[in-house]
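Peer 1: Once you've had a glance at the structure underneath, I'll fire off some questions.
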Amino acid sequence: MLKLSKRLELIAKQVPAGSTLADIGSDHALLPSYMALQGRIRKGIAGEVNAGPFQAASKQIRGSQLGEIVDVRLGDGLAVIEPGEVEVITIAGMGGALIASILESGSPKLAGVKRLIMQPNVGEYNVRSWLLENGWTLTEEFILEEDGKIYEILVSVPSGEASIDNEQLYQPRTMDQELTVDREQLLKMGPYLLQNPSTVWFQKWELELGKLDMIRRQLSLSESPESRVKEQELEQEMNRIKEVMACLQKDRTSFK
40 MLKLSKRLEL IAKQVPAGST LADIGSDHAL LPSYMALQGR IRKGIAGEVN
90 AGPFQAASKQ IRGSQLGEIV DVRLGDGLAV IEPGEVEVIT IAGMGGALIA
140 SILESGSPKL AGVKRLIMQP NVGEYNVRSW LLENGWTLTE EFILEEDGKI
190 YEILVSVPSG EASIDNEQLY QPRTMDQELT VDREQLLKMG PYLLQNPSTV
240 WFQKWELELG KLDMIRRQLS LSESPESRVK EQELEQEMNR IKEVMACLQK
290 DRTSFK
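So for the sequence shown, our numbering puts the first residue at 40; every next one is plus one.
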């Protein structure tokens, strides 16, 4: 029986049973193969832009005898599907800026799509921002650690089909009676993840602070005015993150 990583298994759980699915950047077509073997999808498309992964995906589908259910296609992003062909699109394992670019360039292909499930390796802000600006609403967010890496999974539906609208979702929030988390911070840190932050979420942002501090220290070695400005901006960003984390950590402690 085909076994998925924790990351892909969690993505699979977000695909409604009986859906038609396009997995973009499918690599070995593990996700659509798994869903097809479980009888969870009616039709699957595994899309790949590079010849090597395309061949690997084709081999996987042939070996699993799933050719009648899963179609492996070579093409860039959403070019592998037609408007109205699928109900669910998954895009996992690439940067958030690239995911946003794929959605933007292929936006006509989103006609009839009822759910987007995305797992950016970095740059979740880019994905949330694209959704907000293009008529999609986040319905769920997940965060998990696997093999020393931290992943976020973002689930969204067309705006108007969600139980909450984007204005409510990204409404500035007051924390600890004085700290306000604005829309920009919610886009960066996750509106749902902030509601119930897990240990993994705190780990992620500790790591992010470490990365920002490394950049800040490198900038401090430069004497250019531009570096001073950028250094100050990074310090302000780090302070905002620390304030949010401190408030949320206090809330967690108070409920123990």
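For glycine and all other residues, C-beta sits at the position ideal for the given N, C-alpha and C.
1) Would you call the CB atoms of alanine 56 and arginine 79 closer than 8 Å?
2) Determine the direct distance from the alpha carbon of tyrosine 73 to that of leucine 109, and round the result to whole angstroms.
3) Report the CB separation of valine 220 from valine 283 in whole angstroms; it is logged as a contact under 8 Å.
4) Nearest by alpha-carbon distance to histidine 67: which of Arg81, Gln53, Arg101, Ser58 is it?
5) Evaluate lysine 52 with the Cβ neighbour count: other Cβ atoms within 10 Å of its Cβ, from every protein chain shown; 16 or more gives buried, anything less gives exposed.
6) Who are the Cβ neighbours of glutamate 270 in its own chain at under 7 Å, not counting the five residues just before and after it?
7) For the beta strand (DSSP E) that serine 195 lies in, which residues bound it at each end?
8) Measure the CB-CB distance between valine 166 and leucine 208 and report whether it falls below 8 Å.
9) Identify whether isoleucine 84 lies in helix, strand or coil by the three-state DSSP scheme.
10) Tell me the rounded alpha-carbon separation between leucine 218 and phenylalanine 241.
11) Using only CA atoms, which one of Trp244, Ile138, Asp115 lies nearest to serine 382?
12) Do isoleucine 128 and valine 152 have their beta-carbon atoms positioned less than 8 Å apart in this structure?
13) Taking the beta strand (DSSP E) that arginine 154 belongs to, which residues open and close that run?
14) Which one or two residues does DSSP pair with threonine 59 in a beta bridge?
15) Could you check if serine 202 is buried or exposed, using at least 16 other CB atoms within 10 Å of its CB as the buried criterion?
16) Output needed for alanine 95: all residues of its chain with C-beta closer than 6 Å, excluding positions within five of it in sequence on either side, in chain order.
17) Answer with buried or exposed for valine 268, where buried requires no fewer than 16 other C-beta atoms within 10 angstroms of its C-beta.
18) Closest to tyrosine 231 by CA distance: which of Thr178, Asn173, Ala118, Glu107 is it?
Peer 2: So, from the data block:
1) Cβ atoms of alanine 56 and arginine 79: closer than 8 Å.
2) It should be pointed out that residue 109 corresponds to valine in this sequence rather than to leucine. Roughly 10 Å between the two C-alpha positions.
3) Their Cβ separation, rounded to whole angstroms, is 6 Å, which keeps valine 220 and valine 283 in contact under 8 Å.
4) Selected option, being the one with the closest Cα: Arg101.
5) Counting the other Cβ atoms within 10 Å of the Cβ of lysine 52 gives fewer than 16, which makes it exposed.
6) Around glutamate 270: Arg255, Leu258, Ser259.
7) From DSSP, the beta strand (DSSP E) with serine 195 extends over 188-197.
8) The Cβ-Cβ distance between valine 166 and leucine 208 does not fall below 8 Å.
9) When secondary structure is reduced to three states using DSSP, isoleucine 84 falls in the strand class.
10) Their Cα atoms are separated by approximately 18 Å.
11) Given a span of 40 to 295 for the chain in the structure shown, any question on residue 382 remains unanswerable.
12) For the pair valine 152 and isoleucine 128, the CB atoms are nearer than the 8 Å cut-off.
13) Per DSSP, the unbroken beta strand (DSSP E) holding arginine 154 starts and ends at 154-159.
14) Partner(s): Lys82.
15) Result: exposed.
16) Closer than 6 Å at Cβ, skipping near neighbours: His67.
17) Around the beta-carbon of valine 268, fewer than 16 other beta-carbon atoms lie within 10 Å, marking it exposed.
18) Looking only at Thr178, Asn173, Ala118, Glu107, the smallest Cα-Cα distance to tyrosine 231 is reached by Thr178.
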